[in-house]
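One structure is given here, and the rest of the page talks about it.
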Amino acid sequence: MIARVTLEIALGKEFDYLIPTEFERQIEVGSRVKVPFGPRQVMGCVTTLAESSPHTNLRSILKVVGAQSLVTPKVLALARWIADYYCCPVEIALKSVLPESVRREKEGWQKQLYARLLPVVGEKPKLTKRQIEVLTLLEEWREMPLQQLLALAETTADTVRRLEDKGLVSITPQTLERDPYAHEHILPTQALALNADQTKALSAIMAAMDVASAPAEARHPPPPAKTFLLYGVTGSGKTEVYLQAITHALQQGKGAIVLVPEISLTPQTVERFKGRFSSGPLRTLVAVLHSHLSAGERHDEWHKIRQGRARIVIGARSAIFAPVDPLGLIVVDEEHEHSYKQEEAPRYHARDVAVVRGQREGAVVVLGSATPSLESYYNVQRGKYGLLELPIRADDKQMPVVRIVDMRMEGKQEKGVPIFSQRLRDAMADRLDKKEQVMLFLNRRGYATSLQCPKCGYVAQCPNCSLALTYHRHNQKLCCHICGHEAPAPTRCPGEKCGNPAIRFAGMGTEKVEATLAKLFPHANIRRMDSDTLKRKDDYRRHLGDFRTGKIDILVGTQMIAKGLHFPNVTLVGIIYADLSLHMPDFRASERTFQLLTQVAGRAGRGDVEGEVVVQAFTPFHPAIQYARRHDFAGFYEQEIGFREQLKYPPVSRIALLTMKGRNEDKVRFSADHLKRELETGLAGIKDLIMAGPAPAPLLRAETYYRYQIMLRTRQMSRLSQSLARIAQAQKWPDDVSLTIDIDPVNLM
Ligand code: ADP
Ligand code: ZN
11 MIARVTLEIA LGKEFDYLIP TEFERQIEVG SRVKVPFGPR QVMGCVTTLA ESSPHTNLRS
71 ILKVVGAQSL VTPKVLALAR WIADYYCCPV EIALKSVLPE SVRREKEGWQ KQLYARLLPV
131 VGEKPKLTKR QIEVLTLLEE WREMPLQQLL ALAETTADTV RRLEDKGLVS ITPQTLERDP
191 YAHEHILPTQ ALALNADQTK ALSAIMAAMD VASAPAEARH PPPPAKTFLL YGVTGSGKTE
251 VYLQAITHAL QQGKGAIVLV PEISLTPQTV ERFKGRFSSG PLRTLVAVLH SHLSAGERHD
311 EWHKIRQGRA RIVIGARSAI FAPVDPLGLI VVDEEHEHSY KQEEAPRYHA RDVAVVRGQR
371 EGAVVVLGSA TPSLESYYNV QRGKYGLLEL PIRADDKQMP VVRIVDMRME GKQEKGVPIF
431 SQRLRDAMAD RLDKKEQVML FLNRRGYATS LQCPKCGYVA QCPNCSLALT YHRHNQKLCC
491 HICGHEAPAP TRCPGEKCGN PAIRFAGMGT EKVEATLAKL FPHANIRRMD SDTLKRKDDY
551 RRHLGDFRTG KIDILVGTQM IAKGLHFPNV TLVGIIYADL SLHMPDFRAS ERTFQLLTQV
611 AGRAGRGDVE GEVVVQAFTP FHPAIQYARR HDFAGFYEQE IGFREQLKYP PVSRIALLTM
671 KGRNEDKVRF SADHLKRELE TGLAGIKDLI MAGPAPAPLL RAETYYRYQI MLRTRQMSRL
731 SQSLARIAQA QKWPDDVSLT IDIDPVNLM
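Take the numbering used here: the final residue in the sequence shown is number 759, and no numbers are missing along the way.
Given below as structure tokens:
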């Protein structure tokens, strides 16, 4: 037999190897193997089995890694789809599909020595006092980790070894399963009685799951949409619908994958899932996969799934590849989130992979959001997805009142524009008086966004990026938010021959908001949450814990406080500078602003008191702001889709973004021009193709690299991907210039 193997080091090719007889039973498609390659030994994955090979002088597979094949044929097929669609070699796709810790050659389980009591045969031998003590302890526990026994008995391993010699005790290594949530105390929960909208949504999902499970010949009429968009306002009880849909999957003997953006994957969220399935007849382990796990933890979680002991997986982006089999349901919560897109190869979008995987494995896919992406809503409009709506909050709470403050007017009244409008200041004072809590949101960290000299016009720039440096007051440094470059903040203008001591800081970040607040409300407890204040692993939980228990009156933060958090005592949310994200050079700027405002506003009034949101904006009449004020997604969609249609932007078309980068700008520009000519001939067959560029990237220089972009738009992306892969492979770029291809990009910078 011959095995066709992809190697981790040789990209874009497969190699044939002989399967030695002793491995014949073990090797299947998906097995991890070690093979000779030139003078080296390398790891690879079996992708095909064949009777014969066109090549001669084949070498043999050296070793099979792991008892079970790691990649199931289904997941392997998915990896192939990713490679084809996202224009990358299969090996790169496989790297995402299998976590590093699982791919390693050495078995990754941790072993621990256990002492175990053995039944006494015949007469009990004579024992020392020490030995009797140890034995008494073990009689009570039956078995326990050796280290723990030694600590309890205050003795050394020798004592226990003597008992082993006498045949009274066994000491054996046992696999120790690392459980990242071992120290959490999880309370079991019961299904809630659903309200009418939830019931309707759940029934539709369950009906689709039943159809998907039925044998093919029984499926007429043909199944309805497999994928659903669950559009439910914040707090409408989407999670409860997911939980009950998962219950249905378990009843069908199937498993489920729940994707949650990394930032929302809080212990709170995990607990809700673990709690529901920790007891009862359907009880199962719930595996958690996210980037903060240690390699060992990830290894163990993955194998719990592979062995079928954990039938439910909750995790961030890469959990979409979890080896759940059979798979009944995939939930993608907050489906509009951009973090589902991986920003390095393979540049896949986990939501889109979810839809493809669902189709292939007969699993129902539920995309949930309070602010659906235009892509998903467009698919609803075209009848590709079914729409399920939860228009009211599950607890019957009102949506918060949103007030917009025109900051241009504020600017006229005082000297310069204040950080806080009179309205926001009054509202804060009022809420603090009532002992209620306030959240303030500004999606920019640091103190000032730039350092400028009013005399000579000097602006402190990053030496590596085309970007102004941000001033951080707490450590008196200028920092680049792209590459991390740091420099001490100067006290006089460093401009040649200037030296003006009156340099100025312009713009504001969260640090300045915090400092200004401290002056306004000296008695309030203020806390700032952004990536500068989160230094240790548990900082995030600590800050939120303090806020929850009322130790903090005002929480100031970036993006990270906008999402999915639930604090009943927050009655006021202030958005300091709502149009910040409108100025991004990106066709999705409006959509992002609408989503952000809606998400942030959703934090207010989740308790008994009605919530209020104050939005400060310089373009108060912008549709993104106005529709968000009215909680009107459908209205926003209608006007935004018109704009996309006119300009042929997604979701009306699809984009491939080609970026050439290198340290020498001329070479990069020259290569990009050359690429354009190649594309013009190579893609002539794609009739609806629109090509723009090459043009400098919005951020021309990042981390010392110059970047030029070509943007391609078409409705026929699969076809374009194929051609692009072919064209890219045929090119040879100067040594220090490289090309990246990003299909369906979310980041255009
Ligand atoms: P979403 O995921 O849509 O933001 P959640 O699932 O977090 O909403 O629900 C918000 C709150 O409403 C939660 O505290 C949840 O326990 C509660 N809830 C959800 N469904 C019901 C229901 N049918 N009856 C009572 N409370 C519910
Ligand atoms: Zn930089």
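Cβ atoms here follow ideal geometry from the backbone N, Cα and C, with glycine treated the same way.
For serine 748, which residues does DSSP report across the bridge? Residue pairing by DSSP places serine 748 opposite Lys671 in a beta bridge.
Below 8 Å, is the gap between the Cβ of asparagine 67 and the nearest heavy atom of the ligand ZN? No.
Taking one C-beta from the stretch 475–488 and one from the stretch 454–462 each time, how about it: are there three or more such pairs within less than 8 Å? These segments touch.
Contact defined as beta carbons within less than 8 Å: I believe alanine 404 pairs with serine 274. What is the distance between those atoms, to the nearest angstrom? Contact check for alanine 404 and serine 274: beta-carbon distance about 18 Å, past the 8 Å limit, so the pair fails to qualify.
When you compare the CB positions of valine 583 and methionine 449, do they come within less than 9 Å of one another, or not? Yes.
Would isoleucine 429 and methionine 518 qualify as a contact pair, given that the criterion is a beta-carbon distance under 9 Å? It is a contact, given that the beta carbons lie within the stated cut-off.
Specify the secondary structure class of methionine 154 as computed by DSSP and reduced to three states. Here methionine 154 sits in strand by DSSP.
Any alpha helix (DSSP H) of 4 or more consecutive residues that is wholly inside the stretch 622–692: Entirely contained in the stretch 622–692, the alpha helix (DSSP H) runs reaching 4 residues are, in chain order, 633–639, 643–657 and 675–692.
Give every residue of the same chain whose Cβ lies closer than 6 Å to the Cβ of proline 511, excluding the five residues on either side of it in the sequence, and list them in chain order. For proline 511, where only same-chain residues beyond five positions count, the Cβ hits under 6 Å are Arg502.
Quick one: which unbroken alpha helix (DSSP H) runs of 4-plus residues sit fully inside the stretch 340–395? Chain order, please. Along the stretch 340–395, the alpha helix (DSSP H) occurs as fully enclosed runs of 4 or more residues at 360–371 and 384–391, listed in sequence order.
Just checking, does the stretch 61–73 make contact with the stretch 716–736 on the three C-beta pairs under 8 Å criterion? With a cut-off of 8 Å, the stretch 716–736 and the stretch 61–73 do not count as touching, because too few Cβ pairs lie within range.
On a Cα-Cα basis, can you pick out the residue from Leu530, Gly372 and Lys465 that is closest to alanine 437? Ranking the options by Cα distance to alanine 437, first place goes to Leu530.
Inter-residue Cα distance where the pair is alanine 702 and glutamate 648: Their backbone Cα atoms lie some 26 Å apart in a straight line.
Using the Cβ count rule (16 or more neighbours within 10 Å means buried), how would you classify leucine 488? For leucine 488, the number of other beta carbons within 10 angstroms of its own is at least 16, and it is reported as buried.
What do you reckon, are the CB atoms on cysteine 493 and cysteine 472 nearer than 9 Å? Contact: yes.
So for glutamate 250, helix, strand or coil by DSSP? Three-state DSSP puts glutamate 250 in a helix.
Member of Lys677, Met11, Gly509 and Lys658 whose CA lies at the smallest distance from the CA of leucine 699: Ranking Lys677, Met11, Gly509 and Lys658 by Cα distance to leucine 699 puts Lys658 first.
Residue burial classification, proline 464 (beta-carbon count within 10 angstroms, cutoff 16): Exposed is the call here.
What whole-angstrom Cβ distance do isoleucine 267 and valine 296 have, given they're in contact under 8 Å? That pair is no contact at about 11 Å.
Taking all protein chains shown into account, do 16 or more other C-beta atoms lie within 10 angstroms of the C-beta of valine 321, making it buried, or fewer, making it exposed? Looking at the sequence provided, one finds arginine at residue 321 rather than valine. Buried: at least 16 other Cβ atoms inside 10 Å.
Enclosing alpha helix (DSSP H) for methionine 219 [first to last residue]: Run containing methionine 219: 206–223, per the alpha helix (DSSP H) assignment.
Between leucine 337 and leucine 260, what straight-line distance do the alpha-carbon atoms span, to the nearest angstrom? Cα to Cα, leucine 337 sits roughly 10 Å from leucine 260.
Does the ligand ADP have even one heavy atom less than 8 Å from the beta-carbon of lysine 371? For the record, residue 371 in the displayed sequence is glutamate; it is not lysine. Because no heavy atom of the ligand ADP lies under 8 Å away, the Cβ of glutamate 371 does not count as near it: no.
Find out if the Cβ-Cβ distance for the pair serine 591, alanine 516 is shorter than 9 Å. Cβ distance not < 9 Å, so serine 591 and alanine 516 don't count as in contact.
Reference threonine 691; option with closest CA among Ala497, Phe331 and Leu734: Nearest C-alpha to threonine 691: Leu734.
Any idea what DSSP makes of proline 83, helix, strand or coil? It is helical.
Out of curiosity, what's the CA-to-CA distance linking arginine 613 and threonine 603? Their backbone Cα atoms lie some 16 Å apart in a straight line.
On the DSSP bridge list, what partners appear for alanine 46? Reading off the sequence, residue 46 comes out as proline, not alanine. Partner(s): Gln51.
Taking the continuous alpha helix (DSSP H) assigned at glutamate 521, which residues delimit it? Looking at the DSSP string, the run of the alpha helix (DSSP H) that includes glutamate 521 is 520–530.
Closer than 6 Å by C-beta to glutamate 153: which residues in its own chain qualify, once you throw out the five before and the five after it? Chain order, please. The residues are Tyr124 and Arg126.
Give me the Cα-Cα distance between isoleucine 12 and leucine 59, rounded to the nearest whole angstrom. Between isoleucine 12 and leucine 59, the C-alpha separation is close to 6 Å.
If I'm right that threonine 82 touches aspartate 335 with Cβ under 8 Å, what's the distance once you round it to whole angstroms? Rounded, the Cβ-Cβ distance is 6 Å, consistent with contact.
Within the present structure, is the beta-carbon of histidine 482 separated from the nearest heavy atom of the ligand ZN by less than 8 Å? Checking the 8 Å criterion, the Cβ of histidine 482 is out of range of every heavy atom belonging to the ligand ZN.
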